[in-house]
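Read through the structure below, which is laid out as structure tokens, and then see the notes.
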Amino acid sequence: MDYSFRVSAGGTALWYGWFEAMHTRMDLLLTGLPESEALAAAEAVRAETVRLESRFNRFDRRSDLWRINRTSGSGPIPLDGEWLSVFDEAERCRQLTGGWFDIAVRTPDHSRGGETYRVDSDRRELVRLREGLVFDFGGYAKGYALERAERIVRRAGVENGMISFGNSSVCCLGRHPAGECWRVGVENPLDRRPLVFFDLRDAALSSSGNNGRNDGHILAVGEGRGVTRPAIVSVAAPSPLACEVLSTALFASLDGADDGERRRMLAAFGAQRAVRMDYGSGEEVCELLTKE
């Protein structure tokens, strides 16, 4: 892991490092720990992130999710405790977002609003309610990994720090070394100019949308097509996982939900702020929720 370490003029220990995982880069800024302890915490984060990648990567033939997606038939699939919890939480997220977030969205002929699986905790099984299910944890896995990373560094004694997952998912602990909060900007992907800033303290931020290179990668649930609108949705909340789920669900619903439905989603997860940014020919920033 590449990293640097120094002590500021005010006496605060500053450790910064980064590594590659989940097809992106994770950056960590940890304060207040000796160099060796900060490095150990960061290495624990990397090990956990790599472990989760081996579970959630649906494109890797060696991953758990590849195996689950390719288990033939319609019978139940045995799962360990972590997978049972993950599938159960993903279904709760689907219900709380009115179906706009759905890990089964890539299933052929999928429609919004109906159950596609159930978790049988007693038998430790995933019960499929229809054949041909395809599970995709995009919009979930990075938030889940970021939440685990936050727990690791907090247990190591970090009170103030930042963990950034490819700049699209950020978790901010405590205060910035030079201020009361962490100021995080969301950029216009066309010219890299900040469209909006979030002031975060013990909170996370996730952004979902298109950037001119990955247009249409988020599907509109029930329509089987990618959302190609030149826009980004960013959500701040205490939980990195809630931010990831909400930003995905809100972006997927841009052309299908009304403001009342979006507000209900945000309230269900305790969101602090949500912003939609259109960056095409007519730039617009729209506050969906503001509690700052």
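To convert, take the position in the sequence shown, counting from 1, and add 478; that gives the working numbering.
Just so it is clear, CB atoms sit at the ideal spot from N, CA and C, and this is done for glycine as well.
> Beta carbon of residue 573: closer than 6 Å to some heavy atom of the ligand SAH?
Replying inline: Absence of the ligand SAH from the depicted structure is noted, as is the absence of any ligand whatsoever, leaving it without description.
> Would you call residue 501 buried or exposed, if buried means 16 or more other Cβ atoms sit within 10 Å of its Cβ?
Replying inline: It counts as exposed.
> Are three or more beta carbon pairs between the stretch 520 to 527 and the stretch 630 to 637 nearer than 8 Å?
Replying inline: Three or more beta-carbon pairs drawn from the stretch 520 to 527 and the stretch 630 to 637 are found closer than 8 Å, and the two stretches are therefore classed as touching.
> Near residue 648, which residues of its chain fall below 6 Å by C-beta distance, leaving aside the five closest residues on each side in sequence?
Replying inline: For residue 648, the CB contacts under 6 Å within the same chain, skipping 5 residues up- and downstream, are 642, 662, 683 in chain order.
> Along the chain, where does the alpha helix (DSSP H) that runs through residue 512 open and close?
Replying inline: Where residue 512 is concerned, there is no enclosing alpha helix (DSSP H), given that its DSSP letter is neither H nor E.
>> Please classify residue 764 as buried or exposed, where buried requires at least 16 other C-beta atoms within 10 Å of its C-beta.
In response: Exposed, because fewer than 16 other Cβ atoms sit within 10 Å of the Cβ of residue 764.
> What are the boundary residues of the beta strand (DSSP E) that includes residue 495?
Replying inline: Per DSSP, residue 495 belongs to the beta strand (DSSP E) from 491 to 499.
> Does the beta-carbon of residue 708 have 16 or more other beta-carbons within 10 angstroms, so that it is buried, or is it exposed?
Replying inline: Residue environment analysis places residue 708 among the buried positions, since at least 16 neighbouring C-beta atoms fall within 10 angstroms of its C-beta.
>> Rounding to the nearest angstrom, what Cα-Cα distance links residue 721 and residue 713 in this structure?
In response: Distance from the CA of residue 721 to the CA of residue 713, rounded to the nearest whole angstrom, comes to 5 Å.
> Assuming residue 728 contacts residue 740 under a Cβ cut-off of 8 Å, what Cβ separation, rounded to an integer in Å, is found between them?
Replying inline: 6 Å between Cβ atoms; contact.
> Helix, strand or coil: which one does DSSP assign to residue 718?
Replying inline: DSSP places residue 718 in helix when its eight states are reduced to three.
> Rounded to a whole number of angstroms, what is the C-alpha to C-alpha distance between residue 719 and residue 689?
Replying inline: Between residue 719 and residue 689, the C-alpha separation is close to 22 Å.
> Tell me, which residues are paired with residue 420 by DSSP?
Replying inline: Because the chain is modelled from 479 through 770, residue 420 falls outside the range shown and cannot be assessed.
> Can you check whether the CB of residue 556 is closer than 7 Å to the CB of residue 603?
Replying inline: Yes. Within cutoff.
> For residue 674, which residues of its own chain have a beta-carbon under 8 Å away from its beta-carbon, when the five flanking residues on both sides are left out?
Replying inline: Short of 8 Å from the beta carbon of residue 674, and not among the five residues preceding or following it, lie these beta carbons of its own chain, in chain order: 663, 664, 712, 753, 755, 763.
> With burial defined as no fewer than 16 other Cβ atoms inside 10 Å of the residue's Cβ, what is the status of residue 656: buried or exposed?
Replying inline: Label assigned to residue 656: exposed.
>> Can you tell me whether residue 761 is helix, strand or coil according to DSSP?
In response: In the structure shown, the three-state DSSP call for residue 761 is coil.
> When you compare each of 534, 768, 761 to residue 671 by their alpha carbons, which one comes out closest?
Replying inline: Looking at the Cα atoms, 761 is the closest of the given residues.
> In terms of residue numbering, what span does the beta strand (DSSP E) encompassing residue 660 cover?
Replying inline: Per DSSP, residue 660 is one residue of the beta strand (DSSP E) stretching across 660 to 665.
> At what residue ranges does the stretch 510 to 595 contain a whole run of the beta strand (DSSP E), taking only runs of 3 or more?
Replying inline: Within the stretch 510 to 595, no run of beta strand (DSSP E) at least 3 residues long lies entirely inside it.
>> residue 534 and residue 581 - do their beta-carbons sit closer together than 7 Å?
In response: Contact: no.
> Should residue 745 go down as buried or exposed, given a rule of 16 or more other Cβ atoms within 10 Å for buried?
Replying inline: By the neighbour-count rule (16 or more Cβ atoms within 10 Å), residue 745 is not buried but exposed.
>> For residue 496, tell me which candidate among 731, 680, 506 has the shortest Cα-Cα distance.
In response: When only C-alpha atoms are compared, the closest one is 506.
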